[in-house]
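Okay, structure first, notes after.
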Amino acid sequence: MSVTVPSTKEISAIVQYTSAPPISESLKETVTVSLDDDKAQKVVVIDLKGKTAIADYMIVASGTSQRQVSTMAEHLREKLKSLGIKSVSVEGMSQGDWVLIDGGDVIVHLFRPEIREFYDLERLWGDPMPHPGQAA
């Protein structure tokens with residue numbers, strides 16, 4: 052019986068792969084940076100792991116107008132597609148009151164403030180994670 056020992060190069064590749072952040076973490080970061088760049092208000096990240104299998108994170112944010120909400124959604128759709136996410140589903144962009152972006156492991160809800168207050172997704176889904184750089 053012979054035992055094959057992995058080479059240093061193979062071990063390095065394994066360590067590098069296992070120490071890389073999960074895809075959902077990098078998606079979450081991409082989304083929050085994009086929303087910050089577009090001046091989104093009250094960005095909230097909700098960890099869905101252990102609550103549902105639909106996604107790892109839900110991100111909720113507000114825009115001041117229908118135009119801003121639609122623009123944030125379009126920018127986010129473009130960024131996710133540029134990352135190679137093939138099936139980015141967007142609903143509600145033409146109205147701009149509530150836009151849902153399904154990026155697979157990360158789901159994004161963009162609202163006008165009064166619509167967000169009415170549906171109150173943060174209360175439904177529980178404990179939001181703090182988002183650095185924005186006041187509550």
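Residue 52 is where the sequence shown starts when you use my numbering, and the numbers rise one by one after that.
Heads up, the beta-carbon is just placed ideally off N, CA and C, and yes, glycines get one too.
Computed from a predicted model, the values in this text were never measured in an experiment.
Since residue i contacts residue j with CB under 8 Å, what's their CB separation in whole angstroms?
i, j, result
"ALA172", "VAL111", "It is worth fixing the name first, because residue 172 is Leu in this sequence and not Ala. Confirmed, Cβ separation roughly 6 Å."
"LEU127", "VAL159", "6 Å"
"MET109", "TRP176", "6 Å"
"LEU161", "VAL120", "5 Å"
"SER85", "VAL157", "With 8 Å as the limit, SER85 and VAL157 do not qualify as a contact, their Cβ atoms being about 11 Å apart."
Quick check: residue i and residue j, are their CB atoms within less than 8 Å of each other?
i, j, result
"SER113", "ARG174", "no"
"GLY155", "TRP149", "no"
"THR115", "GLN146", "no"
Can you tell me which of the three DSSP states residue i falls into?
i, result
"ARG163", "coil"
Subject >> Sequence ranges, beta strand (DSSP E) only - wholly within the segment 81 to 161, length at least 3 >> reply: 92 to 98, 108 to 113, 140 to 142, 149 to 153
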